[in-house]
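Asker: For reference, each letter of the sequence shown is one residue, going 0 to 271 in numbering that gives the first Met the number 0. Here it is, the structure in full.
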Amino acid sequence: MNYKVKSINTTKYISLHDCCAKKLFLKGSALTLEMEWMEIDAEHPENPNGKAHSSDEGVIVFEDVIVLDVAVNDEKSSDASFQEYNDTIIMGFEEINVNSAYRYGVLDFLDNLDGYVCITFLFKKSVIMWNELTKKSWFEDRRFKPDISNEEILKMLSYKNTIEIQEKGIRLASEIKWLGHLFQPTIGGESKSLWENCALVLSKKTDEQLSPWLIDCFIWLQDMNWPGAEIIADRLKIMRDTENYEYNKEKAIKIAEITNDEEWIENIRQYL
């Protein structure tokens, strides 16, 4: 089927929570989701509305996929157990850049028997296709409008600011609920100037709060010259959830091996 809209590498601008996939399958190295609809964020380059909108039927394809693990009701297994899923309810999708070639994706959903499935995988390219944006997204009117945006808070963390502004930024950033905003952000042309203070904020989080973000933490250690890398490493050393920590550490090493990043492997082994 041909679609009017075809967008490349913009999956970070879609929201899949509570969306329905009629079919989800892995064929060759392509992971495909045939969607009943998708929520297209306001920031998506193919959304001209200034607000998040739902699409009609569409498709999401992740290309050059390497499945890392499949967890069914929290029991993890290799990609050998991957199967086709029909009539799923997507709980969420997140991605993070590993390097210039690969991205790390986490897709979790309920299958048609209400079993919880979580797939983690590497991919090189994503393609989203649909025909029309049909109506304003269900969550648009439910958004909390803060007095100061997360973007404005993150800008305050730059070392180029005065100490007073940085301290205020750290205080406000510690209240940000979604920790993904704090992992090596790029805001308004600034990136590494923000990272040291982002790492300081993250280092104060509990093991429980950091647990879903361990791969993001390990990715920070790809280059120990990056601002905040040693702070993150020191925080990882005192993780008490050893089983989950060790599992994600081994997964990070596996990703580093797949991507031929010997420096990253050495950093993980040396600093942790």
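Even glycine gets a Cβ: it sits at the ideal position worked out from N, Cα and C.
Taking just the CA atoms, how far does residue 133 sit from residue 220?
Answerer: The straight-line gap from Cα to Cα measures roughly 42 Å.
Asker: Pair every Cβ in the segment 211–230 with every Cβ in the segment 44–57, then say whether three or more of these pairs are closer than 8 Å.
Answerer: The segment 211–230, when compared against the segment 44–57, does not touch it at the 8 Å Cβ threshold.
Asker: If you follow the alpha helix (DSSP H) that residue 34 is part of, which residue opens it and which one closes it?
Answerer: It is not in any alpha helix (DSSP H) - residue 34 instead sits in the beta strand (DSSP E) that spans 29–34.
Asker: For residue 59, tell me which candidate among 36, 162 and 198 has the shortest Cα-Cα distance.
Answerer: Residue 36 is the option with its Cα nearest to residue 59.
Asker: How should residue 115 be labelled, buried or exposed, when 16 other C-beta atoms within 10 angstroms of its C-beta is the threshold for buried?
Answerer: Exposed.
Asker: Give the single residue among 57, 21 and 28 whose Cα lies nearest to the Cα of residue 5.
Answerer: Comparing Cα-Cα distances from residue 5 to each of 57, 21 and 28, the minimum goes to 57.
Asker: By a C-beta neighbour count over all protein chains shown, 10 Å radius and 16 as the cutoff for buried, is residue 127 buried or exposed?
Answerer: Counting Cβ neighbours within 10 Å, residue 127 comes out buried, since at least 16 surround it.
Asker: So, are the CB atoms of residue 226 and residue 191 less than 8 Å apart?
Answerer: The answer is yes: Cβ separation under 8 Å.
Asker: Looking at residue 254 and residue 121, is the spacing between their C-beta atoms short of 8 Å?
Answerer: Taking 8 Å as the Cβ cut-off, residue 121 and residue 254 qualify as a contacting pair.
Asker: Work out the CA separation of residue 169 and residue 197 for me, nearest whole Å.
Answerer: Approximately 8 Å, taken between the alpha carbons.
Asker: First and last residue of the beta strand (DSSP E) that includes residue 102?
Answerer: Its beta strand (DSSP E) spans residues 102–109.
Asker: Do you know offhand how far residue 266's Cα is from residue 153's?
Answerer: Computed Cα separation, rounded: 27 Å.
Asker: With a threshold of 7 Å on Cβ separation, who are the neighbours of residue 123 within its own chain once the five nearest residues in sequence on each side are excluded?
Answerer: Within the same chain, residue 123 has close Cβ partners 62, 63, 100 and 101.
Asker: Indicate the three-state DSSP secondary structure (helix, strand or coil) for residue 217 in the structure shown.
Answerer: DSSP places residue 217 in helix when its eight states are reduced to three.
Asker: Alpha carbon to alpha carbon, how far is residue 21 from residue 135? Give it in angstroms, no decimals.
Answerer: Distance between the alpha carbons of residue 135 and residue 21 is about 22 Å.
Asker: Could you tell me the distance, in whole angstroms, from the CA atom of residue 33 to the CA atom of residue 55?
Answerer: Cα to Cα, residue 33 sits roughly 11 Å from residue 55.
Asker: Going by Cα to Cα distance, which pick from 235, 242 and 243 is closest to residue 269?
Answerer: Ranking 235, 242 and 243 by Cα distance to residue 269 puts 235 first.
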